[in-house]
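For the sequence shown, position 54 (counting from the first letter as 1) is numbered 53 according to numbering that gives the first Met the number 0, and the numbering increases by one without interruption. A quick write-up on the structure given underneath.
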Amino acid sequence: MRYLTAGESHGPQLTTIIEGLPAGMSLLEEDINTDLARRQKGHGRGRRMQIEKDMAFIASGVRHGLTLGSPVALVVENNDWKHWTKIMGSEPISAEETDDVKRKITRPRPGHADLNGGIKYGHRDLRNVLERSSARETTVRVAAGAVAKKLLALLGVQIASHVIEIGGIQAERQTLSITEVKDKSEASPVRCLDENAEKKMMDAIDSAKANGDSIGGIVEVIVEGMPAGVGSYVHYDRKLDAKIAAAIVSINAFKGVEFGIGFEAAHRPGSEVHDEIAWDKDRGYYRKSNNLGGFEGGMTTGMPIIVRGVMKPIPTLYKPLQSVDIESKEPFSASIERSDSCAVPAAAVVAEAAVAWEIASALLDQFTSDRMDALIQAIESQRAYAKDF
Ligand SMILES: Cc1cc2nc3c(=O)[nH]c(=O)nc-3n(C[C@H](O)[C@H](O)[C@H](O)COP(=O)(O)O)c2cc1C
């Protein structure tokens with residue numbers, strides 16, 4: 000299964016084309032819209048989120064509520080487009096208009112793709128870079144992820160996400176079922192399971208905003224119900240944990256990833272890291288702990304997958320940072336466009352989508368099928384086989 004996305008932040012629409020879904024899978028626009036709304040919530044989001052109320056339109060590949068096996072195209076319109084037709088239109092414009100310095104962006108923002116993207120593609124109007132490098136693109140990644148999540152749900156695989164740290168405030172660990180994680184994180188304005196930390200996180204966001212600053216944090220994604228032995232150890236590009244790691248770090252502003260106890264493993268002896276193997280007739284094989292977060296040798300162990308991603312603070316600051324104008328080469332203080340002061344809660348939803356996509360693709364790669372009923376059967380039989388192996 001694969002997908003591409005297209006669309007600029009202030010263009011007419013965002014689009015994704017998903018290829019490789021089996022036929023006969025139930026899919027409704029509301030399956031996708033629920034996740035699009037989740038991405039727009041969260042304490043600390045800026046004004047753009049009030050302008051846009053994202054809604055997906057299924058433009059192809061689904062008939063009467065079921066996938067056809069043909070490409071599924073999803074479209075999310077940008078409601079703000081009417082104000083950007085002149086600046087972002089596809090039609091050629093006159094030389095005078097091109098030279099209009101008011102329109103041209105020549106001041107790269109630190110922490111964004113602006114300067115490197117300009118150098119790479121030869122764009123001297125940096126809007127040509129920032130329109131696509133903007134995290135607005137994560138809207139359609141969430142849409143594609145929602146489709147993957149629908150597939151996973153039908154295969155008995157559940158996924159949830161929550162925020163474990165914002166601006167240095169850490170949530171206390173909770174022992175909750177995956178359903179409780181979903182419900183509790185959904186009810187929290189910062190998607191946090193710990194109510195004490197939640198309040199402190201909101202205060203930290205408010206004070207960052209008041210100071211013209213921004214803060215980052217850490218999100219966690221949990222996947223339950225994966226059969227053992229998905230992924231592979233035989234080649235670097237078939238390791239499922241590696242694919243998930245790449246997907247997480249590909250999200251705008253994500254700078255690190257870990258599985259299970261992650262970086263903590265560097266501080267412990269092996270006897271306190273590796274998960275002992277056990278078997279009983281109800282569960283089949285299981286691990287007595289899950290320090291390695293559901294992976295050994297690039298393959299699923301059948302234990303929950305636990306993956307965390309680190310998001311840097313939003314780079315656009317009301318408190319200006321120093322940069323250099325690419326026309327005059329003069330220094331200046333980077334000015335702001337409207338911006339979030341913290342997008343960690345929204346980024347948890349994006350991370351969930353990214354992980355869902357990788358897991359669903361891995362299942363389809365391994366249990367390849369053009370029909371949903373055959374896919375369900377193949378995965379059920381893998382579960383039974385792995386249990387009594
Ligand atoms: C959900 C989400 C929302 C974001 N919102 C903003 C924003 O409002 N302002 C901003 O400057 N950066 C925002 N970012 C981060 C930038 O898009 C990102 O830092 C930038 O594209 C540079 O990419 P890099 O940080 O991966 O190098 C957001 C990221 C995510 C995941």
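Think of the CB as a built atom: it goes at the ideal place given N, C-alpha and C, for glycine as much as any other residue. Keep in mind it's a predicted model, so treat the numbers as computed, not measured.
Spell out the partners DSSP gives Thr-66 in its beta bridges.
On the sequence shown, residue 66 is found 67 positions in, with the first residue counted as 1. Looking at the DSSP output, Thr-66 shares a beta bridge with Val-61.
Checking the sheet assignment: what are the DSSP bridge partners for Ser-25?
Counting from 1 along the sequence shown, the entry for residue 25 is found at position 26. Note: Ser-25 sits in a beta bridge opposite Leu-65.
Among Gly-297, Gly-293, Lys-318, whose alpha-carbon lies nearest the alpha-carbon of Val-306?
For the purposes of this step, residue 306 is taken as residue 307 along the sequence shown, with counting starting at 1. When each option's Cα is compared against that of Val-306, the closest is Gly-293.
Check each candidate in Ser-380, Ser-69, Met-225 and name the one with the smallest Cα separation from Gly-155.
The residue labelled residue 155 in the question sits at position 156 within the sequence shown. Considering only alpha carbons, the answer is Met-225.
Completely contained beta strand (DSSP E) runs for the stretch 134-210, where each covers 3 or more residues:
Complete beta strand (DSSP E) runs here, min 3: 157-165.
What does the alpha-carbon distance come out to for the pair Arg-370 and Leu-125?
Counted from its first residue, the sequence shown places residue 370 at position 371. Counted from its first residue, the sequence shown places residue 125 at position 126. Distance between the alpha carbons of Arg-370 and Leu-125 is about 46 Å.
Pull up the distance between the alpha-carbon of Glu-185 and that of Val-220, whole angstroms please.
Your numbering for residue 185 matches position 186 in the sequence shown. Your numbering for residue 220 matches position 221 in the sequence shown. Whole-angstrom Cα-Cα distance: 14 Å.
Using only the alpha-carbon positions, how far apart do Asp-34 and Arg-237 sit?
Within the sequence shown, residue 34 is the residue found at index 35, counting from 1. Within the sequence shown, residue 237 is the residue found at index 238, counting from 1. Each residue's Cα considered, the two are about 28 Å apart.
I think Ala-143 touches Tyr-2, with their Cβ atoms under 8 Å apart; what is that distance to the nearest whole Å?
The residue given as residue 143 occupies position 144 in the sequence shown. The residue given as residue 2 occupies position 3 in the sequence shown. The Cβ separation is near 5 Å, so the contact holds.
What's the call for Trp-356, buried or exposed, on a 16-neighbour Cβ count within 10 Å?
Position 357 of the sequence shown, counted from the start, is the residue given in the question as residue 356. Buried: at least 16 other Cβ atoms inside 10 Å.
Do Val-343 and Thr-137 come within 8 Å of each other at the CB atom, strictly closer than that value?
Against the sequence shown, residue 137 aligns to sequence position 138. Against the sequence shown, residue 343 aligns to sequence position 344. Annotated as distal: Thr-137 and Val-343, with beta-carbon spacing of 8 Å or more.
Taking Pro-330 as part of the beta strand (DSSP E), name the residues at either end of that continuous run.
For the purposes of this step, residue 330 is taken as residue 331 along the sequence shown, with counting starting at 1. Pro-330 -> beta strand (DSSP E) spans 330-332.
Excluding sequence positions up to five away, which residues of its chain have a Cβ less than 7 Å from the Cβ of Lys-311?
On the sequence shown, residue 311 is found 312 positions in, with the first residue counted as 1. The residues Gly-215, Ala-252, Lys-254, in chain order, have a CB closer than 7 Å to that of Lys-311 in the same chain once the five nearest residues on each side in sequence are set aside.
Would you call the stretch 272-280 in contact with the stretch 230-245, where contact means no fewer than 3 C-beta pairs closer than 8 Å?
In the pairwise beta carbon analysis, the stretch 272-280 is classified as not touching the stretch 230-245: fewer than three pairs are separated by under 8 Å.
As an exercise, report each continuous alpha helix (DSSP H) stretch of at least 4 residues that is fully enclosed by the stretch 70-125, in chain order.
Listed in chain order, the complete alpha helix (DSSP H) runs (minimum 4 residues) inside the stretch 70-125 are 84-87, 94-98, 113-120.
Where does Tyr-284 fall in DSSP's three states?
Position 285 of the sequence shown, counting from 1, holds the residue named residue 284. DSSP places Tyr-284 in strand when its eight states are reduced to three.
For Glu-390, which three-state DSSP category applies?
No information on residue 390 is available, as it lies outside the stretch 0 to 388 that the chain covers here.
Whole-Å CB distance - Val-162 paired with Arg-140, under 8 Å assumed
Position 163 of the sequence shown, counting from 1, holds the residue named residue 162. Position 141 of the sequence shown, counting from 1, holds the residue named residue 140. Taking the Cβ atoms as the reference, Val-162 lies roughly 18 Å from Arg-140, outside the contact range of under 8 Å.
With DSSP as the reference, please indicate the residues paired to Glu-257 in a beta bridge.
Mapped onto the sequence shown, residue 257 falls at position 258. Bridge partners of Glu-257: Arg-307.
Measuring alpha carbon to alpha carbon, tell me which of Ala-196, Ala-333, Leu-239 ends up nearest Gly-110.
As a working mapping, residue 110 is identified with position 111 in the sequence shown. That would be Ala-333, whose Cα lies nearest to the Cα of Gly-110.
List the endpoints of the continuous alpha helix (DSSP H) containing Val-248.
Residue numbering aside, residue 248 sits at position 249 when the sequence shown is read from its first letter. Val-248 -> alpha helix (DSSP H) spans 239-248.
Val-348, DSSP secondary structure in three states
Within the sequence shown, numbered from 1, the residue matching residue 348 stands at position 349. Under the three-state reduction of DSSP output, Val-348 falls in the helix class.
Give me the Cα-Cα distance between Arg-106 and Ile-92, rounded to the nearest whole angstrom.
Within the sequence shown, numbered from 1, the residue matching residue 106 stands at position 107. Within the sequence shown, numbered from 1, the residue matching residue 92 stands at position 93. Per the coordinates, the alpha-carbon of Arg-106 lies some 22 Å from the alpha-carbon of Ile-92.
Which residue's Cα is closest to the Cα of Ile-177: Ala-347, Ile-217, Ile-158?
Residue mapping note: residue 177 aligns to position 178 of the sequence shown, counting from 1. Considering only alpha carbons, the answer is Ile-158.
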